[in-house]
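Read the structure below first, then the notes.
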Amino acid sequence: LVFLEDIPTHQLSPCHRMRKLVKKRTYLRGPKPGEDTKIFWQKLKMALETKEGHNS
Numbered sequence: 001l002v003f004l005e006d007i008p009t010h011q012l013s014p015c016h017r018m019r020k021l022v023k024k025r026t027y028l029r030g031p032k033p034g035e036d037t038k039i040f041w042q043k044l045k046m047a048l049e050t051k052e053g054h055n056s
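Here the sequence shown stands for residues 1 to 56, numbered as in the UniProt record's numbering.
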């Protein structure tokens, strides 16, 4: 899952399974308006290249 804005944990999903999954995965905060997006995209690329990103 990729969220492009901050979402409080309690609003992510009423489903307990989804919350559990979200807590185990990498979180990257998207850039705020006016911030450089280059670092965000680099971090996202690195996260997707990890074992976690390959769903192994």
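Think of the CB as a built atom: it goes at the ideal place given N, C-alpha and C, for glycine as much as any other residue. None of these values were measured; they are calculated from a predicted model.
Among the options, nearest to residue i - alpha-carbon criterion
i   : options             : result
W41 : E5, L28 and P8      : L28
L48 : T9, T26, G30 and P8 : T26
Run of the alpha helix (DSSP H) containing residue i, from where it starts to where it stops
i   : result
L28 : No alpha helix (DSSP H) contains L28, which DSSP labels as neither H nor E.
E49 : K38 to E49
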